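Order-wise, the sequence lines are chains A and B.
Under the numbering used here, the first residue of the first sequence carries the number 108, and numbering increases by one thereafter.
Under the numbering used here, the first residue of the second sequence carries the number 43, and numbering increases by one thereafter.
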Amino acid sequence: MATSASAQLSKVVKRQYLELPQGDKVQAMYIWIDGTGDGLRCKTRTLDSEPKSVEELPEWNFDGSSTYQSEGSNSDMYLIPSAMFRDPFRKDPNKLVLCEVVKYNRRPAETNHRVTCRKVMQMVEGQNPWFGMEQEYTILGTDGHPFGWPSNGFPGPQGPYYCGVGADKAYGRDVVEAHYRACLYAGVKICGTNAEVMPAQWEFQVGPCEGIDMGDHLWVARFILHRVCEDFGVVASFDPKPIPGNWNGAGCHTNFSTKEMREEGGLKYIEECIEKLSKRHNYHIRAYDPKGGLDNARRLTGRHETSSIHEFSAGVANRGASIRIPRSVGQEKKGYFEDRRPSANCDPYAVTEALIRTCLLDEEGDEPVDY
Amino acid sequence: MATSSSARLSKSVKQQYLELPQGDKVQAMYIWIDGTGEGLRCKTRTLDSEPKTIEDLPEWNFDGSSTYQSEGSNSDMYLLPKAIFRDPFRKDPNKLVLCEVFKYNRKPAETNLRQTCRKVMDMVENQHPWFGMEQEYTILGTDGHPFGWPSNGFPGPQGPYYCGVGADKAYGRDIVEAHYRACLYAGVEICGTNAEVMPAQWEFQVGPCEGISMGDHLWIARFILHRVCEDFGVVVSFDPKPISGNWNGAGCHTNFSTKQMREEGGLRHIEEAIEKLGKRHHYHIRVYDPKGGRDNARRLTGHHETSNIHEFSAGVANRGASIRIPRSVGQDKRGYFEDRRPSANCDPYAVTEAIIRTCLLSEEGEEPVEYN
């Protein structure tokens with residue numbers, strides 16, 4: 108069967124327990140990114156009262172040797188609460204707490220890209236940088252095959268599935284519906300969903316978020332998706348090319364604008380940015396997936412609505428380009444642009460930081476500047 | 043198994059999530075007709091407050107290269123909201139929003155037949171044209187075979203199934219029941235349902251609707267049916283002849299009247315309208331299915347309560363005719379008439395527009411007139 112053993116446990120029984128009142132005690136689930144750079148981990152602690160802001164949450168620690176983050180002989184790592192959300196699984200007053208990971212010597216862990224992202228965002232906060240990220244993902248059964256696909260084969264070719272409706276077009280909508288509501292409840296800025304080109308592939312969009320919020324909201328949205336899928340007994344994959352061949356990959360198209368770009372005549376600033384981006388393609392490709400471009404190499408082929416990983420291109424309403432300027436932006440001469448290169452499993456802190464460095468801090472060359 | 047994997051995901055888990063409060067945020071599901079002229083697509087956006095009228099809903103866009111509507115190099119297409127309904131799946135305050143599709147140059151997309159329908163309806167609004175459409179459809183399993191049929195064969199011949207009751211007569215009533223309630227909640231003018239002649243075939247009726255709202259309500263009713271069937275893990279087909287041989291096809295009989303026809307002595311106006319229709323059979327056949335008549339050719343054989351596609355005919359209480367005048371109308375000498383030619387997968391905008399053009403705008407010949 109494609110769904111997990113856990114999913115068959117009685118949800119009615121579970122519900123009875125979750126309805127038990129908890130007095131003043133609050134459960135705070137601390138969430139962090141592990142050593143892979145795309146995996147998420149979580150553990151919970153009881154607090155004596157409801158935290159009103161993230162500053163009230165205490166630091167914590169965990170065993171980094173069990174998350175590919177440290178050696179057993181010196182394994183304690185610190186969790187620094189960075190953003191707080193309502194918990195859609197345990198509900199109010201319980202919380203989800205996104206954390207930064209810091210090593211025993213208080214330096215950021217290797218996969219903690221939030222620290223430098225935050226620094227860079229603070230340098231440009233006067234420009235009000237907004238982001239919107241379009242997170243694509245594939246639902247898999249516990250057998251690793253895309254959910255709803257015939258167990259020993261493939262569905263009919265792509266064409267009818269994008270934004271489709273019907274049991275022969277949309278596979279796993281329950282997951283999407285549950286995730287959307289859970290994100291709204293949690294306070295994540297989820298702004299839309301749609302079925303994607305490959306069956307069992309879906310997309311949700313988070314934004315507009317300013318600065319560091321983009322990464323925070325997207326990581327929590329991903330965590331919520333993993334938990335929702337776990338409840339249903341299926342698996343969410345952010346692999347950028349889950350099925351080779353004539354099947355779409357999964358990206359995380361990133362929309363970006365500054366206050367200047369959003370105002371009258373902003374198109375000029377958009378075009379300047381694109382010019383700068385065109386000179387730094389390799390730096391961005393390295394930042395746009397957790398393996399320095401190796402994951403994206405399977406996806407950015409130039410086909411299936413992607414640009415080729417080897418070339419930079421830009422165009423109005425062109426989904427085969429690295430950067431797409433929406434048609435309405437081309438017409439109104441202001442707005443935002445879409446960087447279509449980031450992989451579905453990218454780190455949004457790394458992506459948004461790279462965009463700020465190149466476009467607003469005018470960096471050049473293959474390495475980021477150390478400020 | 044005849045139902046989909048999705049249908050086996052836990053609905054009580056889903057229900058727990060759907061019970062989460064959403065604050066002031068509202069989910070608006072934008073719905074449009076794709077490049078095939080019969081497929082529906084949808085995607086959702088979050089709004090910061092409940093839209094009260096259609097004007098509160100912003101324009102949007104989508105990737106037309108993935109819906110058979112544009113090329114990848116120039117793929118943006120626009121969605122313009124035209125009709126709002128309550129969302130029976132996500133419930134209040136969330137909305138279903140039926141949209142018109144426009145190309146990058148703001149001209150209507152090829153399968154956006156609503157635009158000209160609206161123009162034509164506006165020209166005759168003082169005649170209060172009412173429509174009622176009888177949507178037939180077949181429920182299929184995910185294997186493509188009619189739902190409830192033996193997997194390698196056929197049920198007993200037609201006869202006991204029409205309006206039937208019992209597990210050996212009615213296949214899939216749950217879908218019909220769910221769809222009816224969902225339409226009522228949404229605000230669709232659904233006025234009835236019945237089991238049809240072929241087992242696993244059903245019908246619902248939408249109307250009376252005036253002018254452009256006929257097309258709007260029928261398209262949303264179809265969308266709701268697709269979503270309901272998706273939830274149950276089965277598939278709805280609007281194919282006009284899903285099973286060849288001695289099995290009924292599926293049509294979309296369209297009932298029509300104007301204020302004059304509904305009033306004392308209206309039968310005269312009904313007969314005049316039928317006279318005009320009799321001279322324009324080919325124009326209507328071309329617009330009564332999405333393939334210019336080729337889909338209907340499999341259905342309108344002259345058998346199984348259809349008229350022959352090659353000939354026009356009309357008669358009181360005659361289900362073998364192109365146009366049927368209900369017996370009560372023949373007796374009361376006023377009312378409406380039924381055009382039995384439209385296919386189940388017709389575009390209701392195209393059908394209602396054609397009837398107006400021929401009957402009320404007195405058009406003739408093979409081509410529609412272009413009005414300014």
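Backbone N, C-alpha and C fix where the C-beta goes; we use that ideal spot for every residue, glycine too.
Since this is a predicted model, take the numbers as computed values, not measurements.
Between the segment 260-269 of chain A and the segment 287-306 of chain A there are three or more inter-stretch CB-CB distances shorter than 8 Å, so the stretches are counted as touching. Closer than 8 Å at the C-beta level to chain B, one finds these residues of the segment 402-416 of chain A: Glu412.
By the neighbour-count criterion, in which a residue is buried when 16 or more other Cβ atoms sit within 10 angstroms of its Cβ, B/Arg382 is buried. Taking C-alpha positions only, B/Ile312 is separated from B/Arg376 by approximately 8 Å. DSSP lists A/Tyr137 as the beta-bridge partner residues of A/Lys150.
Under a 10 Å Cβ-count criterion, A/Gln129 is classified as exposed, with fewer than 16 other Cβ atoms of the shown protein chains found around its own Cβ.
Close to A/Tyr211, with beta-carbon spacing below 9 Å, lies no residue of chain B; the smallest spacing is near 39 Å. Counted as a single uninterrupted DSSP element, the beta strand (DSSP E) harbouring A/Glu243 occupies residues Trp237 to Leu247. Around A/Leu384, no beta-carbon contact reaches into chain B at under 9 Å, the shortest distance being about 20 Å. Annotation for A/Arg334: Phe196 place their beta carbon closer than 7 Å to its own, counting only its chain and skipping 5 residues before and after. Proximity of chain B to A/Asp320 at the Cβ level (cut-off 9 Å) is not reached, the minimal Cβ distance being about 16 Å. Taking C-beta atoms as the reference points, A/Gly239 and A/Pro347 fail to come closer than 7 Å. Of the residues A/Pro475, A/Gln438, A/Tyr287 and A/Phe261, the one whose Cα lies closest to the Cα of A/Glu371 is A/Gln438.
Going by C-alpha positions, A/Asp477 is about 19 Å away from A/Val209. Residue state for A/Val161 is assigned as helix, using DSSP reduced to three classes. Straight through space, the alpha carbons of B/Glu405 and A/Cys336 are spaced by roughly 57 Å. At a cut-off of 7 Å, the C-beta of A/Cys453 has no neighbouring C-beta in chain B. Lys296, Ile297, Cys298, Gly299, Thr300, Asn301, Ala302, Glu303 and Val304: these are the residues of the segment 296-308 of chain A whose beta carbon lies less than 9 Å from some beta carbon of chain B, given in chain order. Residues of chain A with a Cβ closer than 7 Å to the Cβ of B/Lys56 are, in chain order, Asp281, Glu284 and Ala285. Annotation for A/Pro158: Leu164 place their beta carbon closer than 6 Å to its own, counting only its chain and skipping 5 residues before and after. With a beta-carbon spacing of about 7 Å, A/Asp446 and A/Leu462 fall inside the 8 Å limit used to define contacts.
By the Cβ-count criterion, B/Tyr146 is buried, with 16 or more other Cβ atoms from all chains shown falling within 10 Å of its own Cβ. Annotated three-state conformation of B/Asn350 is strand, per DSSP.
Looking at the DSSP output, A/Leu186 shares a beta bridge with A/Trp167 and A/Val208. Here the alpha carbon of B/Ala356 sits roughly 11 Å from the alpha carbon of B/Ala315. Listed along chain A are Tyr292, each with a C-beta nearer than 8 Å to that of B/Pro63.
Linking B/Thr86 to A/Ala285 through their CA atoms gives a straight-line distance of about 14 Å.
Under the DSSP assignment, A/Ile331 falls in the alpha helix (DSSP H) whose first and last residues are Asp320 to Phe339. Proximity of A/Val272 to chain B, defined by a Cβ-Cβ separation below 7 Å, is satisfied. Within its own chain, the residues whose Cβ lies closer than 6 Å to the Cβ of B/Gly190, once the five positions on either side in sequence are excluded, are Tyr213 and Ala242, listed in chain order.
Pairing B/His346 with B/Gly293, the inter-Cα distance amounts to about 11 Å.
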